[in-house]
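Below is one structure; the comments refer to it alone.
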Amino acid sequence: MKKIRYNSPVILTFALLCLAILGLDKLTAGASTARLFCVYRSSLRDPLTYPRFFLHVLGHSSMSHYMGNILLMLVVGPPLEERFGSKRLLLAMAVTALSTGLVQFIFFPGSALLGASGIVFMLIVMLSMTGRSSGSIPLTMLVVLALYLGQQVIDGIFTKDNISQLTHILGGVCGVIIGNVYYTGGRGSNSRRRYHS
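Under numbering that gives the first Met the number 0, the sequence shown has 70 at position 71, and the numbering climbs by one with no breaks.
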């Protein structure tokens, strides 16, 4: 009988943490998410301001929000974790979380951000770069950028919803930058409006 292998520890642990935090959100009527798992403008004297720059990616507003992000992450994340290793993938996710958290904190004081889609977009772009060879740009990466990020720009201009297209775009930009470094660098409050990423 074959054993089940925990084949992608960073991606699987992230998915399980997000699910646990969604459960905690329901048990606390949203208080835990508002306090810890979304990022918004708050006092720099508040010690929870700083962890929220990273932890907001673990919070989700609903099961459908969770499923939309995590299912895609479970598809695109494991090949990247296998290629670059768990530590490098975790670093890429942390950099993306910090980047999107800081932009939200600085430029959007009247709203809150939560969700993992910035990371999902980063992973999609990084995975699209796998065909990269020295001195060339994979056509798959250009198509992904045009389709995914182009759609986010259009939606950001013409659609008014609770989805932060800027977070998706930033995630894609992080994917380009981090992917470029990794592929060339060696082995392969509740009243606030929430933007779901």
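All residues carry an ideal CB built from backbone N, CA and C; glycine is no exception.
Computed from a predicted structure; not experimentally measured.
(request) Return the Cβ separation of F120 and G67 in integer angstroms, given the expectation that the two are a contact with Cβ distance under 8 Å. (result) Actually they are not in contact, since the Cβ atoms of F120 and G67 sit about 12 Å apart, beyond 8 Å.
(message) Suppose contacts are defined by Cβ-Cβ distances below 8 Å. Is F53 in contact with A96 by that definition?
(response) A contact, by the Cβ cut-off of 8 Å.
(request) Return the bridge partner residues of V38 from the DSSP annotation. (result) Bridge partners of V38: L112.
(request) Inspect the beta-carbon positions of A14 and M72 and report whether they are closer than 8 Å. (result) Yes, these two residues count as a Cβ contact at 8 Å.
(request) Rounded to whole angstroms, what's the CA-CA distance from G58 to A19? Just pull it up for me. (result) The alpha-carbon of G58 is positioned some 10 Å away from that of A19.
(request) Determine the DSSP secondary structure at T139, reduced to helix, strand or coil. (result) T139 falls in the helix class under three-state DSSP.
(message) What would DSSP say about K25, mapped onto helix, strand or coil?
(response) DSSP places K25 in helix when its eight states are reduced to three.
(request) Determine the direct distance from the alpha carbon of K25 to that of I177, and round the result to whole angstroms. (result) Cα to Cα, I177 sits roughly 35 Å from K25.
(request) Would you identify the three-state DSSP class for Y181, choosing helix, strand or coil? (result) Three-state DSSP puts Y181 in a helix.
(request) Please list, in chain order, all residues of the same chain as P108 whose beta carbon is under 6 Å from its beta carbon, the five residues on each side excluded. (result) Excluding sequence neighbours, P108 sits near R40.
(request) Out of L141, T99 and R82, state which residue places its alpha-carbon closest to the alpha-carbon of Q164. (result) Considering only alpha carbons, the answer is T99.
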